[in-house]
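Here the structure is laid out as structure tokens; the discussion comes afterwards.
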């Protein structure tokens, strides 16, 4: 499963560095992604591009790095960390110049060496708190 | 609004760097990052500074200030 891990790692990390070719190479045309932060499932490579672009527009130097991976059968589980600087409007919040760090988990299902389906959960609430869209708790 | 949640990472209020909450007490700001962060907060003022200055200099008050500055300028040949 080493190749499957590498494929998923490339698809998760490389688009953030401007290499969209990884999507064409390793994502199935009929890809479907499930992310609780999105109202509808992400459909196809264009759906992934559109989803990532909203973050790339709002966060300068946005990067996602893979921290750990576990593979079993046709699935790969990936723990990742996203970082960026809030330089554009996001979730109704004007740019703050603040750096943000969020973590997430993605389970990818591969068919014939391409990612066909993914389930992602990530720290959306933490992101909103860090950019100030939601007030952080104050300690007494 | 109520506050009910603290993220594992929070931006430093001085420099905007993302810092683990458990490390906030020991965090030291990078001076370059701090300057960058403060300039970012002032970006609207910086962006409109030239236009604001031009408008001021074109106003009656601005023209008078220029005349006064010119009058009071030490004579370079003196």
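Chains as they are written, first to last, in the numbering used here: chain W, 54 to 193; chain D, 50 to 127.
By construction, the Cβ of each residue, glycine as well, lies at the ideal position given by its N, Cα and C atoms.
All values derive from a computational prediction rather than experimental measurement.
Check the Cβ of residue i against every Cβ in chain D and list those closer than 7 Å, keeping chain order.
{"i": "residue 154 of chain W", "result": "58, 67"}
{"i": "residue 151 of chain W", "result": "60, 65"}
Confirm the yes/no value for this check: CB of residue i, any heavy atom of the ligand NAP, distance under 6 Å.
{"i": "residue 78 of chain D", "result": "Of ligands this structure carries none, so the ligand NAP is not represented either."}
Quick one: which chain D residues come within Cβ less than 8 Å of residue i?
{"i": "residue 158 of chain W", "result": "Within 8 Å Cβ-Cβ: nothing; residue 158 of chain W doesn't reach chain D, min ~14 Å."}
{"i": "residue 189 of chain W", "result": "52, 54, 55, 56, 59"}
{"i": "residue 182 of chain W", "result": "54, 55, 56, 59"}
{"i": "residue 136 of chain W", "result": "67"}
Using the C-alpha atoms, what's the distance from residue j back to residue i?
{"i": "residue 154 of chain W", "j": "residue 72 of chain W", "result": "22 Å"}
{"i": "residue 114 of chain W", "j": "residue 107 of chain D", "result": "41 Å"}
{"i": "residue 60 of chain D", "j": "residue 67 of chain D", "result": "4 Å"}
{"i": "residue 76 of chain D", "j": "residue 63 of chain D", "result": "11 Å"}
{"i": "residue 185 of chain W", "j": "residue 143 of chain W", "result": "10 Å"}
{"i": "residue 280 of chain W", "j": "residue 130 of chain W", "result": "Chain W is shown only over 54 to 193; residue 280 of chain W falls outside these bounds and no answer can be derived."}
{"i": "residue 118 of chain D", "j": "residue 98 of chain D", "result": "20 Å"}
{"i": "residue 92 of chain D", "j": "residue 73 of chain D", "result": "26 Å"}
{"i": "residue 195 of chain W", "j": "residue 57 of chain W", "result": "This structure does not reach residue 195 of chain W, given that chain W is present from 54 up to 193, and the question cannot be answered."}
{"i": "residue 177 of chain W", "j": "residue 113 of chain D", "result": "55 Å"}
{"i": "residue 69 of chain D", "j": "residue 56 of chain D", "result": "9 Å"}
{"i": "residue 160 of chain W", "j": "residue 171 of chain W", "result": "5 Å"}
{"i": "residue 87 of chain D", "j": "residue 148 of chain W", "result": "13 Å"}
{"i": "residue 89 of chain W", "j": "residue 110 of chain D", "result": "58 Å"}
{"i": "residue 50 of chain D", "j": "residue 188 of chain W", "result": "Interpretation of residue 50 of chain D is limited by its pLDDT of 48, a score under 50 that renders its predicted location unreliable; the figure taken from the coordinates is listed afterwards. Distance between the alpha carbons of residue 50 of chain D and residue 188 of chain W: 8 Å."}
{"i": "residue 110 of chain W", "j": "residue 190 of chain W", "result": "28 Å"}
If you measure from the beta carbon of residue i to each beta carbon in chain D, is any gap under 7 Å?
{"i": "residue 193 of chain W", "result": "Low per-residue confidence applies at residue 193 of chain W: pLDDT is 47, beneath 50, and the placement is therefore not dependable enough to give any value."}
Between residue i and chain W, is any beta-carbon pair separated by less than 7 Å?
{"i": "residue 55 of chain D", "result": "yes"}
{"i": "residue 86 of chain D", "result": "yes"}
Could you name the residues of chain D that residue i contacts, counting a contact when the two beta carbons are closer than 9 Å?
{"i": "residue 178 of chain W", "result": "54, 56"}
What residues from chain W crowd round residue i, counting only those whose CB sits closer than 7 Å?
{"i": "residue 90 of chain D", "result": "150"}
Alpha helix (DSSP H) segments (min. 4 residues) lying fully within the stretch 105-131 of chain W
You should have found no qualifying run.
Please identify, using Cβ separations under 8 Å, the residues of the stretch 111-131 of chain W that lie next to chain D, in order along the chain.
Residues passing the 8 Å Cβ filter: none.
Contiguous beta strand (DSSP E) assignments of at least 3 residues, all confined to the stretch 151-189 of chain W
Within the stretch 151-189 of chain W, the complete beta strand (DSSP E) runs of at least 3 residues are 152-164, 167-175.
For the stretch 52-116 of chain D, list the beta strand (DSSP E) runs that are entirely contained and at least 3 residues long, ordered along the chain.
Entirely contained in the stretch 52-116 of chain D, the beta strand (DSSP E) runs reaching 3 residues are, in chain order, 58-60, 67-69.
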